[in-house]
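Line by line, the protein sequences are chains B, Z and G.
Its first residue numbered 1, the first sequence is counted upward by one per residue in the working numbering.
Its first residue numbered 516, the second sequence is counted upward by one per residue in the working numbering.
Its first residue numbered 919, the third sequence is counted upward by one per residue in the working numbering.
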Amino acid sequence: MPTLETEVLVVGGGSTGAGVARDAALRGFSTVLVERGDLAAGTTGRFHGLLHSGGRYAVKDPVAARECVVENPILRRTAADCIEDTGGLFVSTQWDDPGFGDDFLRGCQATGVPVEEVPVAQALRQEPRLDRGIARAFAVPDANLDPWKLVWGCARSAKEHGAQILTYHRLLGLELDDGKVVGARVHDELNGDELEIRSQVVVNAAGAWSGQIASLAGCEVTVLPGKGIMIAMNHRLVNTVVNRCKPPSDGDIIVPIRTVSVIGTTDTRVADPDELEVTPAEIEEMFDEGEKLVPGFRNARALRVWAGARPLFAGEQVSDTRDVSRTHTVLDHAKRDGVDGFITITGGKTTTFRLMAEHAVDAVCAKLGVDRQCTTQEEPLPGSEEKRFYWLGSRVRTQEPVPGEHEIICECELVTRERLLAGVAHRHPSSLDDVRRTVRLGMGPCQGGFCIYRATGILHSFEHLDRRAANTALLDFLEERWKGVHPVLHGAQLRQARLDEWIFQGLLTVQHLPE
Amino acid sequence: MTELARDSLDGCVKCTICESFCPYAAATPLFPGPKYVGPQAERFRRTGVSPDFSVDYCSGCGICTQVCPQGVKIAEINSQARAQLWEERGIPLRNQLIARPGLVGRFGTPVAPLANWTLQNQALRRLGERLLGIHRDAALPRFAGRTFQRWARNHVSPAAERTVIYFHNCGTNYYEPAVGRMTVEVLEHNGFHVVVPPQGCCGLPLQSNGNFPAARAYVRRLAANLAPYAREGSAIVANSTSCGLMLKHEAREILEVEDDDLTVVSESMYDLCEFLLLLHEQGQLRTDFQQLDLTIPYHAPCQQQGHGIGKPALDLFALIPGVRAIELDADCCGIAGTYGFKKEKYEISMTVGERLFRELRESSGDLAACDSETCRWQIEHGAGIHAVHPVEVLHRAYGLGSE
Amino acid sequence: MTDVARFASYDTVVIGAGLAGLTAALRLAEEGQRVAVLAKGVGATHLSPGTVDVLGYVDGPVDSPAKALPDFAAANPDHPYRRLPVELIGASLDWFKARLGDHGYRGGLDENFLVPTAVGVAKPTALVPETMAAGDLRGGGRFVFIGLRGLKDFYPAYLAENLARASLPGEADILTRVVELEPPLGNARDVSGLGFARRFEEAGFRESVLVELDRYLVPGEIVGFPAVLGVGRAREVWNELETRLGHQVFEVPTLPPSVQGLRLYETMTTALRRHGCRLVVGNTVVGTKTSGSRLEGVLAKTAGRPLTYRARSFVLATGGFASGGLQLDSSGQIRETVFDLPVAGVPGSKQRPFEEGYFADHAISRAGVTVDESMRPVDGKGGTPYENVHAVGATLGGAVPWREASGNGLSLASGYAAASAILRET
């Protein structure tokens, strides 16, 4: 079995893991990251994309709020290309107690969240679709964050500093020697080989799965997956992040991100982060809550629904996962469980990923007895050096002045052939679904109706994907996409789905593809 | 602010039907198509900086909205996006000028012979192209010299049981007053007292050129002029089908003007042929037509089809003995209001119109009929066949006087 | 009151301009009726290939619709084919072939063709236009598929590899290969299929393609192009290619806009205009005028006030969920959106409309309007809400056209049947 030697082995390719790998590599550690699937396939790729101002935590979770206050500007400085500066509003709707607005103001002021109460008329001018009956409005520096750009930026940066990023490598087990974790055995999911990695420190950054990983070293870490569903609406019903000004509850936020607006979310404790069922009741609830913020929400077109699992680390037993702090924890298992060479970083949220990584790598330094300073507060991610925020219109602008000069594969999201192939270059071409999520292929209203056939053909011709793999990629894509589409399928989206059915099953007849 | 047009983008299923029918996307690579600049690009727009210039190549013909099976208001979305674009860039002088036919008419009329000579002079037209960006060959009309309003002021409409209000538009007033006169005479022949109130431009060219604030001001002023008559219960007829559509529909859908005067005016607005055919359906149209042995190829302007009332002109022609009306297949003449006047769009406009011109030439018609004046000028320019408003045929058939 | 009826009312008003609506309208107009077609947009002809599928799959590919239909109809009592006798379906196909003479349609009910889809499946279909006939796989052969650089809607290599593994009846043996051409597109790199079709109507472009392709062809090969061989002059273009190359040539339909469907629409609407039919595109029907169980008129939404179209008979050809003829709202209610006709096959409140698996048989797929032999909607209690309304095409329930491969055939036959029923009444 081939062996890899490294100082730091990071388990988990979400924002935490990628952040740790980057920070470690920047500090000069030899670093390997293993992730069972594609980067950001877990919680990081399934949240609503909010870059917190801290306002959502200002009243109930001041520690988390303060972290956001510090990290928000740091990310704006270092990851500008991943961020669209939408701004945020907290609004008291006619169903909310306007008095809570005072609690909110106090909470923000106490935690340092920049906040300003704005006249309702101004808020309505800014967001004309909001319910006219709102009583109060507060402006905060919320923004949206593209998790794939973020994670891939970290991975690129890490690689530039010598790290190895091994996606599609599933952890089979951790190797212990005399009470110390000395490495891991991983399985290459794509070619079936096994690989042994020898490490000095393993950093468990597996998020909602970190409990499972910790148990491979015989350590008990209770992570409660807190399931939250989100629905993507076809177009931006709002251009600012809109929050309900009330104690946290289901469906109290709408985030405009890229070309869609996302409403979320719920919070239900589940047993398994890989089993995230979306129920009709939850969907109804999202529509009801959306309607309160934006009248007519229910009649707007819903594209798809999905669920993510928050990694909630419970120090003690709690019943409602909303009561668990959203701050993070670094666990040194030597002190805690008598298992050396092993650190878990858990809890947290993507907005504070950099801080989580900093703390985790500080713990690595302590373990290895070295003193190396973190530079990620200032060092920009590759692609964000010019400190320019992402602009919604950029994909349209790059096609100008003569749009016919680039071959556009996914028209809804303006994914060109070049961008598609670049997206494929980083990952195995058979995982069309992973490509979908990163370049946004088929994420628009037609949900792949036109572009999936094109992408399959391109991968077959130009990436030398063989016939069977191409067929599988196409069929898998349709099944994956359907999972998110059918629970919210009605109205205009059903008309779309029917057209797609005509194309795939009527015109192309993919259901009869040969083996 | 309502977002009616933008919200309709939720209906888009990317079927490409609009693109298949768009005559301008077929004619030029500079226009990527109505789906592209409409419901597709709209998801990438927010106010601030317009990401795309190519939307300016949309002509506003409205065929896309007509053919969309999902009710997406594509042309309206495009129109609003264009207005946003030009608001950011500032509207060039040329567009300001050609968007104000009333203004141009007012200044050109007193010096009509000179103005007309200028417009015919090749050298001056070339200069005009360089300085102003109006193509040297663009199908510009001639100033009539005496406006329709002047004729109307000196005309006494006989008293009658029923009254109708005439909205004549700038084209009739400054360039084709004879069409206005014939309209009045046809209406009077059918027993109407015709009132021509003071009126100005409806603002449609301002809208098409992206100047929404000025367009709104114009349309509000016009609505205020016409509303008192509409409130008395009289119908308002428009011989220029595009201007009629502006008041019926576009001012509310595209400009999003919410105004009581406009509401009552648009509810009382009729396209002239629509009105005459309705009279006929009620048994009140005089059918004392003389025999006219004419073959008349009929082109329904895009804006006429935007009314959604079918092609009443054809049904009217069917009443006139000896008239053989041919419904042409081609959809757009290419002029699209002021689009075809522009230097950078003239060639596109002529390419778009080519199918229609060919059909007209092959139809061996005696004269063409078309409800929009700019389309008539384009048809005469591109196909070399004389073009009239359908009312002129009726006028002749009634024997109301020579042309 | 002379001539008022002539203009105020029609013999038949057809709502919807897809294949079903156009068929009904044209058949009636040919027989001298005054027909108006009101459509809220252009129909699904632009989205479908030009083939007519009557019955392609019933637990596997169907060789002969004539043989399979009776059993199929018997086994599926709710399917519209139960109301459409085989003779009538055959008559509608014959009518279609005759009316679209310029398209040179071949085929019938006796034997399905097997033609390649754009991903290389051998698909059964009953009628093919002349430009597709040489693609018939049943006799085997050596096929070469042509890629055109810049056309992102056709991937011949993928098609060819899948097709080589298609299971064909009898001893049929096929070999497939690919030739990629670089036609002169100038600076454009993103040209739609329709853009290519328009270019194929230019002699210079065709010449370029012919010269390049000629070098690569091997004698006896059958040449498969994407379906972009011209728009209105497709026959001319196709003929020229066959003649110049000395090979059989055929088209493979690909993603919308369907150039073949466009040709179909143009031919049928031109024919309607020649018969004096009034076609209004862009009108949604927003109301009705009834008198007891007779529909007297429909109100069409215009830019201004609604316009009433009166007629003796009405044909509802508004399509299914895809076009909004049927609608499912967020609370699970299904409606027929013009006349609120009773809809059958609605999943019960405890049933999920959609299954987990994409390719599963979804409960909602068969929802739609049920009709009698005259295509009159029935209300499940043995009655009919309107005596003079006929429903056709994808509005009808009981069928899953994209799985059965029955879409155009159903539209054609039902539109034809409705016209027949109306003609019988007058």
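Beta carbons are placed, not taken as given, at the ideal position from N, Cα and C, and that holds for glycine.
This one's a predicted model, so the numbers in the text were calculated from it and none came from an experiment.
| request: Using the Cα positions of Z:R696 and Z:V711, report the straight-line distance between them to the nearest angstrom. | output: As a position in the second sequence, residue 696 of chain Z is number 181, starting the count at 1. As a position in the second sequence, residue 711 of chain Z is number 196, starting the count at 1. Rounded to the nearest angstrom, the two C-alpha atoms are 11 Å apart.
| Z:F856: contacting residues in chain G (beta-carbon distance under 7 Å) | For this step, residue 856 of chain Z is matched to residue 341 along the second sequence. Going along chain G, no residue has its Cβ under 7 Å from Z:F856, so there is no contact; the nearest lies around 25 Å.
| message | Against chain Z, which members of the region 1195-1227 of chain G pass a CB distance test of less than 8 Å? | response | R1196, V1198, V1199, G1200, N1201, T1202, A1218, K1219, T1220, A1221, G1222, R1223, L1225
| message | Short of 9 Å Cβ to Cβ, which residues in the region 482-504 of chain B face chain G? | response | W482, K483, V485, H486, P487, V488, L489, H490, G491, A492, L494, R495, Q496, A497, R498, L499, E501, W502, I503, F504
| field | Proximity to Z:E557 [Cα-Cα], best of B:P514, B:C412, B:E501, B:L465 | value | On the second sequence, position 42 is the one that residue 557 of chain Z refers to. Out of B:P514, B:C412, B:E501, B:L465, B:C412 has the C-alpha closest to the C-alpha of Z:E557.
| query | With 16 as the cutoff for other CB atoms within 10 Å, does Z:F489 come out buried or exposed? | reply | Examination of residue 489 of chain Z is not possible in this model, given that chain Z is present from 516 through 918 alone.
| task | Could you please give me the residues that DSSP links to B:A137 through a beta bridge? | result | Reading the first sequence from its first residue, position 137 is the one you call residue 137 of chain B. DSSP lists B:V91, B:V118 as partners of B:A137.
| Reference B:V396; option with closest CA among Z:R561, Z:A520, Z:E534, Z:S523 | Residue 396 of chain B sits at position 396 when you count from the first residue of the first sequence. Nearest C-alpha to B:V396: Z:R561.
| task | Tell me where the alpha helix (DSSP H) around Z:T633 begins and ends. | result | Residue 633 of chain Z sits at position 118 when you count from the first residue of the second sequence. Element bounds for Z:T633: 627-635.
| task | Return the CA-CA distance between G:H1021 and Z:H683, expressed in angstroms with no decimal places. | result | Taking the third sequence and counting its residues from 1, one reaches residue 1021 of chain G at position 103. Taking the second sequence and counting its residues from 1, one reaches residue 683 of chain Z at position 168. Straight-line Cα distance between these residues: approximately 47 Å.
| Looking at G:A943 and G:T963, is the spacing between their C-beta atoms short of 9 Å? | Start at 1 with the first residue of the third sequence, and residue 963 of chain G comes out as number 45. Start at 1 with the first residue of the third sequence, and residue 943 of chain G comes out as number 25. Against a cut-off of 9 Å, the Cβ pair of G:A943 and G:T963 comes out as no contact.
| task | Would you check if the region 184-201 of chain B and the region 416-427 of chain B touch, i.e. whether three or more CB-CB distances between them fall below 8 Å? | result | no
| task | Compute the distance between the beta-carbons of B:E378 and B:R27, then report whether it is under 9 Å. | result | Along the first sequence, read from residue 1 onward, the residue named residue 378 of chain B stands at position 378. Along the first sequence, read from residue 1 onward, the residue named residue 27 of chain B stands at position 27. Cβ distance not < 9 Å, so B:E378 and B:R27 don't count as in contact.
| task | Have a look at G:A923 and G:R1228 and give me their C-alpha separation to the nearest angstrom. | result | One-based indexing of the third sequence puts residue 923 of chain G at position 5. One-based indexing of the third sequence puts residue 1228 of chain G at position 310. A caution first: G:A923 carries a pLDDT of 33, below 50, which makes its placement in the model too unreliable to give a value.
| Cutoff 9 Å: B:A300 Cβ touching any chain Z Cβ | Within the first sequence, numbered from 1, the residue matching residue 300 of chain B stands at position 300. B:A300 counts as touching chain Z.
| query | Quick one: any contact between the region 1048-1062 of chain G and the region 1079-1092 of chain G, if contact means 3 or more CB pairs under 8 Å? | reply | yes
| request: Note down the Cα distance separating B:G183 from B:R36, rounded to an integer number of angstroms. | output: By 1-based counting over the first sequence, the position of residue 183 of chain B is 183. By 1-based counting over the first sequence, the position of residue 36 of chain B is 36. Distance between the alpha carbons of B:G183 and B:R36: 16 Å.
| request: State the beta-bridge partners of G:Y928 as determined by DSSP. | output: As a position in the third sequence, residue 928 of chain G is number 10, starting the count at 1. DSSP output for G:Y928 lists G:A1229 as bridge partner(s).
| message | Would G:G1350 and G:A1052 be called neighbours here (beta carbons separated by less than 9 Å)? | response | Because chain G in this structure spans residues 919 to 1344, residue 1350 of chain G falls outside the shown range and cannot be described.
| Given Z:A675, which residues of its chain have a CB within under 6 Å of its CB, disregarding the five upstream and five downstream residues? | Translated into positions along the second sequence, residue 675 of chain Z becomes position 160. Excluding positions up to five away in sequence, the list reads G706, F707, H708.
| request: Quick one: grab the DSSP three-state call for Z:Y572. | output: As a first step, residue 572 of chain Z is located in the second sequence; it is residue number 57 there, counting from the start. Three-state DSSP puts Z:Y572 in a helix.
| message | If we define contact as Cβ-Cβ less than 9 Å, is G:P1102 a contact residue for chain B? | response | Locating residue 1102 of chain G in the third sequence gives position 184, where the first residue counts as 1. It does not; no Cβ of chain B falls within 9 Å.
| query | Which ranges would you report for the beta strand (DSSP E) in the region 966-1042 of chain G if only whole runs of at least 3 residues count? | reply | 1031-1034
| Going by C-alpha distance, which of Z:I680, Z:P616, Z:R604, Z:V671 is nearest Z:M784? | Here the question's residue 784 of chain Z lines up with position 269 in the second sequence. Looking at the Cα atoms, Z:I680 is the closest of the given residues.
| query | So which residues on chain G does B:I409 lean against when the C-beta distance must stay under 9 Å? | reply | The residue labelled residue 409 of chain B in the question sits at position 409 within the first sequence. Those are K1070, listed as they occur along chain G.
| task | Would you tell me roughly how many angstroms separate the C-alpha atoms of G:V1067 and B:V238, rounded to the nearest one? | result | Residue numbering aside, residue 1067 of chain G sits at position 149 when the third sequence is read from its first letter. Residue numbering aside, residue 238 of chain B sits at position 238 when the first sequence is read from its first letter. The sequence as given places Arg at residue 1067 of chain G; Val does not occur at that position. About 41 Å.
| Under 8 Å Cβ-Cβ, which residues of chain B neighbour Z:F622? | Along the second sequence, one-based indexing puts residue 622 of chain Z at 107. The premise fails here: Z:F622 is roughly 35 Å from chain B at the closest Cβ pair, so nothing lies under 8 Å.
| What's the gap between the Cα of Z:P812 and the Cα of G:V1198? | Here residue 812 of chain Z refers to the residue found at position 297 of the second sequence. Here residue 1198 of chain G refers to the residue found at position 280 of the third sequence. Using only the alpha carbons, I get a separation of about 19 Å.
| With a CB to CB cut of under 7 Å and the five nearest residues on each side skipped, what residues in its chain are close to Z:S755? | For the purposes of this step, residue 755 of chain Z is taken as the residue at position 240 of the second sequence. N684, G686, T687, S887, E888.
| query | Under the rule that 16 or more other beta-carbon atoms within 10 Å means buried, what is B:A121, buried or exposed? | reply | One-based indexing of the first sequence puts residue 121 of chain B at position 121. So B:A121 counts as exposed.
| field | Residues in the region 1160-1186 of chain G having any Cβ partner in chain Z nearer than 7 Å | value | P1174, P1175, L1180
| field | Test: B:G506 CB closer than 9 Å to a CB of chain G | value | Here the question's residue 506 of chain B lines up with position 506 in the first sequence. So yes, B:G506 belongs to the interface.
| request: For my contact list, Z:L608 and Z:E768 are in at a C-beta cut-off of 8 Å; report their separation, rounded to the angstrom. | output: Taking the second sequence and counting its residues from 1, the one referred to as residue 608 of chain Z is at position 93. Taking the second sequence and counting its residues from 1, the one referred to as residue 768 of chain Z is at position 253. Rounded, the Cβ-Cβ distance is 28 Å, inconsistent with contact.
| Short check: CB of Z:R615 to CB of Z:C758, under 9 Å? | Reading the second sequence from its first residue, position 100 is the one you call residue 615 of chain Z. Reading the second sequence from its first residue, position 243 is the one you call residue 758 of chain Z. No. Outside cutoff.
| query | Apart from the five residues on each side of it in sequence, which residues of its chain come closer than 6 Å, Cβ to Cβ, to B:V203? | reply | If you number the first sequence from 1, residue 203 of chain B lands on position 203. Cβ within range, chain order: V10, V20, I343, A360.
| said: Spatial neighbours of Z:L629 within its chain, please: C-beta separation below 8 Å, excluding the five flanking residues on both sides. | reply: Taking the second sequence and counting its residues from 1, one reaches residue 629 of chain Z at position 114. No residues qualify anywhere along the chain.
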